[in-house]
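I have placed the structure first, in the form of structure tokens, so that the comments after it can refer back to it.
Number of protein chains: 2
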Amino acid sequence: MDTADRLIESTRELLWERGYVGTSPKAIQQRAGAGQGSMYHHFDGKPALARAAIERTAEEMSALAELQFTGPGTARERLTAYLLRQRDVLRGCPIGGLTQDPDIMADALLKAPVTQTLAWLRGRIADLVTEGVADGSLPPVLNPTNTAAAIVAAMQGGYVLARAADDPALFENAIAGILPLLGER
Amino acid sequence: MDTADRLIESTRELLWERGYVGTSPKAIQQRAGAGQGSMYHHFDGKPALARAAIERTAEEMSALAELQFTGPGTARERLTAYLLRQRDVLRGCPIGGLTQDPDIMADALLKAPVTQTLAWLRGRIADLVTEGVADGSLPPVLNPTNTAAAIVAAMQGGYVLARAADDPALFENAIAGILPLLGER
DNA sequence: GTCTATACTCGGATAGAC
DNA sequence: GTCTATCCGAGTATAGAC
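As structure tokens, then:
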């Protein structure tokens, strides 16, 4: 991994742990084992580096989800597999958490990957719901758009509850609580 | 409203808008129309002021919710009234949003009101679910703990989705998506 | 490409006058 | 109680040497 890569990886970790406002160039350099000059040689400044980091995180998150969505089984099985997947719950969502960061939301270039990734996720899940309703694996009454929003929201909120309580079980509870929507019991 | 009160109110607004890390004493003073000396006369420093602000916000939020929970109607009606209540969606939840703030989570005194308020909310909603199952206004299969977690999570996550998309409709979608859980369609 | 030096502002707080 | 002065470190970046 070269220096530019290490800088991006360090930035990804720090954005996840401390958010954008709470992350300083100096902290990034130290974690990456790079000096000031090195960082400013490879990137224009903090926003440019953050942009590279957020984009990489967004791509990784989408790819990981897509892995579940295109796996084996009925639409319902793929959906519940995604929901029940192992997660580092107490760290929160590395994309959703950025919505709380004022400097991210104020910068179109930093906000765009956040907006797009969550929109993509909702759309992808809505498609699965539609598919599941069509093939009979999901209850026929479900509205795909609303159900997808509820599922993604329950996950994002599950992170919030788990972090507030310092207990990953709350994420699990939230997921278990929406599963009846999908006809699971 | 005296100076101490104005300082607390300014802090509440700034915590909501910019989070703890993103809020400086100077910004608080300016918004409150108070000087440095004045602020440090009334409060020990930024953490003490934040604590007062967060506690006031937590109390206000609980009181507002309790108003809906003790209103008229069946348990289900009170629950849906709470969910459908008018909200300033794009500003996010002034308590839930704090879970993303590293300096809040690292300080036991600042974190406690966040932990407690969300735990109280879940407990209160779980009670309503239990009540609704008992009086027949809610489906008998519901698990109160999980359902309460799912409901609170859907709201918290609804804020995240709405802010990411810059569109309050996503909060509404998430709520509409979980209503079928309560037997609404 | 990376290092060190330098610069300037802001964050957070203290001291003492009024 | 409030004001102004002052302090020191951190945040963010530039300049120029190597």
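Those protein sequences? They're chains A and B, same order as listed. Taken in order, the first sequence gives residues -13 to 171; the numbers are from this note's numbering. Taken in order, the second sequence gives residues -13 to 171; the numbers are from this note's numbering. Positions of the beta carbon are idealized from the N, C-alpha and C atoms, including for glycine. Owing to the predicted nature of the structure, the values given are computational and were not obtained by experimental measurement.
- Item | Partners in chain B for A/E45, counting only beta-carbon separations shorter than 9 Å | None at all; the shortest Cβ gap to chain B is about 16 Å.
- CB contact check: B/A151 to chain A, cutoff 9 Å: Yes, its Cβ sits closer than 9 Å to a Cβ of chain A.
- Query: Quick one: does A/P126 have its CB under 9 Å from some CB of chain B?
  - Reply: False, the Cβ-Cβ gap to chain B never drops below 9 Å.
- Whole-angstrom C-beta distance between B/G118 and B/T60, which should lie under 8 Å: Confirmed, Cβ separation roughly 7 Å.
- At least one CB of chain B closer than 9 Å to the CB of A/T85: is that the case? Residue-level contact by beta carbon holds for A/T85 and chain B, with a gap shorter than 9 Å.
- What whole-angstrom Cβ distance do B/M47 and B/T103 have, given they're in contact under 8 Å? That pair is a contact at about 6 Å.
- Indicate whether the contact test is met: 3 or more Cβ pairs, each with one atom in the stretch 18 to 28 of chain A and one in the stretch 106 to 113 of chain A, closer than 8 Å. In short, these stretches do not touch, since the Cβ pair count stays below three.
- Message: Tell me the rounded alpha-carbon separation between A/G57 and B/A13.
- Response: Spanning the two alpha carbons is a distance of roughly 51 Å.
- Task: Scan the stretch -13 to 19 of chain B for residues whose Cβ lies nearer than 8 Å to a Cβ of chain A and list them as they occur along the chain.
- Result: Residues of the stretch -13 to 19 of chain B with a C-beta less than 8 Å from any C-beta of chain A: E3, R4, G5, V7, G8, listed in chain order.
- So which residues of chain A does B/A120 contact, with C-beta pairs closer than 8 Å? Simply none; closest approach about 18 Å.
- Residue range of the unbroken alpha helix (DSSP H) whose run includes A/I81: First-last for A/I81: undefined, no H or E at that position.
- Query: alpha helix (DSSP H) containing B/F145: first to last residue?
  - Reply: A quick correction: the sequence has Tyr, not Phe, at residue 145 of chain B. 130 to 151 is the extent of the alpha helix (DSSP H) around B/Y145.
- Message: Along the chain, where does the alpha helix (DSSP H) containing A/M25 start, and where does it finish?
- Response: Its alpha helix (DSSP H) spans residues 22 to 28.
- Of all the CB atoms in chain A, is at least one closer than 9 Å to the CB of B/I137? Closer than 9 Å to some Cβ of chain A, the Cβ of B/I137 qualifies, so yes.
- Task: Decide if B/V7 is buried, meaning its Cβ has at least 16 other Cβ atoms within 10 Å, or exposed.
- Result: Flag for B/V7 reads buried.
- Message: Our contact map puts A/G163 next to B/N132 with C-beta atoms below 8 Å; I'd like the distance itself, whole angstroms only.
- Response: Right, the Cβ-Cβ distance comes to about 4 Å (below 8 Å), so this counts as a contact.
- Item | Sub-9 Å separation of A/V100 and A/F157 beta-carbons | The beta carbons of A/V100 and A/F157 sit no closer together than 9 Å.
- Query: Closest to A/Q15 by CA distance: which of A/G5, A/W2, A/D(-9) is it?
  - Reply: Answer by Cα proximity: A/D(-9).
- Message: Buried or exposed, going by whether 16 or more other CB atoms sit within 10 Å of the CB of B/Q72?
- Response: Counting Cβ neighbours within 10 Å, B/Q72 comes out exposed, since fewer than 16 surround it.
- Of the residues that make up the stretch 143 to 167 of chain A, which ones have a beta carbon closer than 7 Å to any beta carbon in chain B? Those would be G143, G144, V146, L147, R149, A150, A151, L156, N159, A160, A162, G163, I164, P166, L167, in chain order.
- Task: Give the interface partners of B/V100 over in chain A, defined as CB-CB distance under 8 Å, in chain order.
- Result: Those are A150, listed as they occur along chain A.
- Could you list which residues in chain B have their beta carbon closer than 9 Å to that of A/P88, in chain order? Within chain B, the residues near A/P88 are E3, R4, G5, G8.
- Query: For A/S10, does the three-state DSSP call read helix, strand or coil?
  - Reply: Of the three classes helix, strand and coil, the one that applies to A/S10 here is coil, per DSSP.
- Measuring from the CB of B/G19, is there a heavy atom of the ligand ATP at a distance below 8 Å? Ligands are entirely absent from the displayed structure, and the ligand ATP is therefore not among its contents.
- Query: chain B beta carbons: is any one of them nearer than 9 Å to that of A/L114?
  - Reply: Residue contact check for A/L114 against chain B: no CB pair falls below 9 Å.
- Alpha carbon to alpha carbon, how far is A/H27 from A/A36? Give it in angstroms, no decimals. A/A36 and A/H27 have their alpha carbons spaced roughly 15 Å apart.
- Are at least three pairs of beta-carbons, each pair with one atom in the stretch 131 to 149 of chain A and one in the stretch -3 to 7 of chain B, less than 8 Å apart? The stretch 131 to 149 of chain A, when compared against the stretch -3 to 7 of chain B, does not touch it at the 8 Å Cβ threshold.
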